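Asker:
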Amino acid sequence: MEKLRFAVLGTGFWSQFQVGAWSEIPEVELVALYNRTKAKAEVLAKRFQVERIYDDAAELFAKEKLDFVDIITDVDTHFKFVEMAVDAGIKHIICQKPMAPDWETAKRMVEKCRQKSVSLYIHENFRWQVPIRRFKRILDSGVIGKPFKARVSFLSGFPVFDNQPFLKELPHFILTDMGSHVLDICRYLFGEASKLWCQIRTVNPEIKGEDIAVIMMEMVNGMPLYTEMSYASIVEHDMFSTVNVLVEGEKGSIALGPGNSFEIRTTIAQGTTLEQVEFPSYNWADSDYIVNHESGIHINRNILNAMIQKGKAETTGEDNLETVRLVWASYESAKRGELIYLRDFD
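For the working numbering, count along the sequence shown from 1 and bump the result up by 669.
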């Protein structure tokens, strides 16, 4: 088939890894880059042999013939660039998570694309980590019977602000940044939640937003799910770039961890089976983030298959809206100190 032509908007820290993941997929061709600071775009263009760069997004949309666009800019610009792409007639748009800076804007973004019959996809890649996919297959096999409770954890002291200093200035931090990932994994593994209760705190005095959050959810099937996330934790097994999961069922349990060991331990009455999950590395990936960067290939492939009608995308705008709902319902719960029923949060 003829290669699909695409452009990337935004050439900050994360773009090099998203573009790296696209470089592993031969059916697409990156033809243009946009960044408000052209010098940054030039560095990425040289690394990945991209011919054209722009510091004016409107000019890019006017001059380039594109099958899709991948938006990797700051969250406050997502709606603007999605709207520009829609108005330019582009029928497939990928947007970095978090989808939008707030709940109302996320709903507007999804509705804008729906009205124009544009396919919107959110680059929510954590659910595509190889250990998470393997964990899901074991869980769905029924080996531990019906699950009756679960815990999903992200506890880290990794200096994330070194690579992404703008995170220090966000008024909302861990729930939008990591919570988007963690809560999406919860939905992927266990389905939708019916209600939740959340507390947040700020431990690091140098940041504006919260760096710890604890969420207790009841899933639609009645199962309780405890979720914790922290960028202020000094722990034996740091979980940076992934999560640890424990699910208990009527016949046994499944655990992913500890830390970033990528071990899955399945325990039933007859004993425990340990599986070491392995995945390849790439020269464009950062070893600290490897499980996360490698997952970008899988989500890109899933989205591409949807574009060419060979499959269904998992993280569409409409689907990810439910993850965004959980994020902002959590903030509302923390603000009010109350249990939030998801059916009433709209």
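Beta carbons are placed, not taken as given, at the ideal position from N, Cα and C, and that holds for glycine. None of the values given here were measured: they were computed from a predicted structure.
Taking the beta strand (DSSP E) that PHE675 belongs to, which residues open and close that run?
Answerer: Membership of PHE675 in the beta strand (DSSP E) is indicated by the continuous run 673-678.
Asker: Can you round the beta-carbon distance between GLY878 and PRO834 to whole angstroms, since I take them to be within the 8 Å contact cut?
Answerer: The Cβ separation is near 13 Å, so there is no contact.
Asker: What residue range does the beta strand (DSSP E) around LEU915 cover?
Answerer: Per DSSP, the continuous beta strand (DSSP E) segment holding LEU915 begins and ends at 913-918.
Asker: What first and last residue would you give for the beta strand (DSSP E) that runs through ILE884?
Answerer: According to the DSSP assignment, ILE884 belongs to the beta strand (DSSP E) that extends over 881-888.
Asker: Hey, would you say ARG856 sits closer than 8 Å to GLU991, going by beta carbons?
Answerer: Cβ distance < 8 Å, so ARG856 and GLU991 count as in contact.
Asker: MET888 and THR896 look like a contact to me (Cβ under 8 Å); what is the Cβ gap, rounded to whole Å?
Answerer: Not really, about 11 Å apart at Cβ, beyond 8 Å.
Asker: Alpha carbon to alpha carbon, what distance is there between LEU735 and LEU808?
Answerer: 40 Å
Asker: With a threshold of 8 Å, are at least 3 pairs of Cβ atoms found where one atom belongs to the region 817-827 and the other to the region 902-917?
Answerer: yes
Asker: Would you say HIS792 and ILE813 are within 8 Å of each other, going by their C-beta atoms?
Answerer: Contact: no.
Asker: Please list the segments of the beta strand (DSSP E) lying wholly inside the region 723-798, counting only runs of 3 or more residues, in order along the chain.
Answerer: 737-740, 761-765 and 788-792
Asker: Figure out for me which residue from PHE717, GLY758, VAL719 and LYS781 has the closest Cα to the Cα of HIS747.
Answerer: LYS781
Asker: Flag this pair as yes or no: are the beta carbons of GLU932 and GLN945 separated by less than 8 Å?
Answerer: Closer than 8 Å, so yes.
Asker: For the candidate residues PHE823, VAL688 and ASP846, whose alpha-carbon lies nearest to that of LYS766?
Answerer: Checked all of PHE823, VAL688 and ASP846; the closest Cα to LYS766 is ASP846.
Asker: Which complete beta strand (DSSP E) runs does the region 938-978 hold, if anything under 3 residues is left out?
Answerer: List check, beta strand (DSSP E) in window: 940-945.
Asker: Does the beta-carbon of THR941 have 16 or more other beta-carbons within 10 angstroms, so that it is buried, or is it exposed?
Answerer: exposed
Asker: For THR935, name the three-state secondary structure that DSSP assigns.
Answerer: strand
Asker: Between ILE876 and ALA701, what straight-line distance do the alpha-carbon atoms span, to the nearest angstrom?
Answerer: 35 Å
Asker: So, MET976 versus PHE737, is the Cβ gap smaller than 8 Å?
Answerer: Yes, they are a contact pair.
Asker: Less than 6 Å between C-beta atoms, sequence neighbours within five positions excluded: which residues of the same chain meet that for PHE1018?
Answerer: No statement about residue 1018 is possible, as the shown extent of the chain runs from 670 to 1015 and does not include it.
Asker: Measuring only the C-alpha atoms, how far is VAL697 from LYS672?
Answerer: 5 Å
Asker: Check TYR1010 in the structure and name its three-state DSSP category.
Answerer: strand
Asker: If we ignore side chains and look at the alpha-carbon of each, how far apart do PHE750 and ASN961 end up?
Answerer: 25 Å
Asker: What would DSSP say about GLU696, mapped onto helix, strand or coil?
Answerer: coil
Asker: According to DSSP, is ARG721 helix, strand or coil?
Answerer: strand
Asker: Would you report the Cα separation of ASN704 and GLU1007, rounded to the nearest angstrom?
Answerer: 42 Å
Asker: Whose CA, out of ASN989, ASN974, VAL993 and GLU983, lies closest to the CA of MET670?
Answerer: ASN974
Asker: With 16 as the cutoff for other CB atoms within 10 Å, does ILE884 come out buried or exposed?
Answerer: ILE884 comes out buried.
Asker: Taking the beta carbon of SER687 as the centre, do at least 16 other beta carbons fall within 10 Å, making it buried, or is it exposed?
Answerer: Going by the sequence as given, residue 687 is Gln instead of Ser. When all chains shown are included, GLN687 counts as buried.
Asker: Look at GLY679 and THR742 and say whether their C-beta atoms are less than 8 Å apart.
Answerer: The Cβ-Cβ distance between GLY679 and THR742 falls below 8 Å.
Asker: What is the rounded straight-line gap between the Cα of ARG721 and the Cα of TRP997?
Answerer: Each residue's alpha carbon lies about 38 Å from the other.
Asker: Going by alpha carbons, who is nearest to LEU699 out of LYS707, ARG870 and ARG716?
Answerer: ARG716
Asker: Quick one: what does DSSP say LYS837 is sitting in, helix, strand or coil?
Answerer: helix
Asker: DSSP three-state label for ARG820, please.
Answerer: strand
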